[in-house]
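*Asks:*
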Amino acid sequence: MALSQQTTLPIGIEIDGKRHKNVIVTTLTVADSYKALSNAKEDEYIGLLELAQMTTIDDLGRNPTYDELAGASKLDGDHLANVRFDLEKKEMAQASESV
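Using the working numbering, you'd call the opening residue of the sequence shown number 22 and step up by one each time.
(1) What residue from Gln-74, Thr-47, Leu-49 has the CA that sits closest to Asn-60's CA?
(2) If you measure from the CB of Thr-47, is any heavy atom of the ligand SAM nearer than 7 Å?
(3) Only counting the same chain, and skipping five residues up and downstream in sequence, which positions put a Cβ closer than 8 Å to that of Asp-80?
(4) Span of the beta strand (DSSP E) holding Leu-81?
(5) So, do the stretch 82-93 and the stretch 27-35 have three or more beta carbon pairs nearer to each other than 8 Å?
(6) Using three-state DSSP, classify Glu-63 as helix, strand or coil.
(7) For Val-46, which residues from the same chain have a beta carbon less than 7 Å from its beta carbon, with the 5 sequence-adjacent residues on both sides left out?
(8) Mind checking Ala-93: buried by the 16 CB within 10 Å criterion, or exposed?
(9) Have a look at the DSSP bridge pairing and note the partners of Arg-40.
(10) CA-CA distance, Lys-95 and Leu-30?
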């Protein structure tokens, strides 16, 4: 079961001149991960592709593109990575409890 968490970015991902701060981060399945990597360009980073796949921009109802996320503030990237880490810890804890 995928876990998700709504969060507010400190700076916001700029798309078409507007900053989007409210996002939802959702854990990935194996299929999600492969989907994120399936159209990867040679110079794109796997971690950033997966983070874009995990992130939904609330008011746009879609994931940021690789380039949109790559152009975001490092503060926003760190924030998203921390939320991802927390969700993955919760996912592990749930798996441990169900054994």
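Glycine included, every Cβ here is placed at the ideal spot set by N, Cα and C.
Since we're looking at a predicted model, the values are computed, not measured.
*Replies:* Let me spell this out:
(1) Gln-74
(2) In the structure on display, the ligand SAM does not appear, and there are no ligands present to speak of.
(3) His-41, Asn-43
(4) That residue, Leu-81, is in no beta strand (DSSP E); it is neither H nor E in DSSP.
(5) yes
(6) coil
(7) Ser-25, Gln-26, Thr-28, Met-75, Thr-76, Leu-101, Val-104, Arg-105, Leu-108
(8) buried
(9) Glu-35
(10) 11 Å
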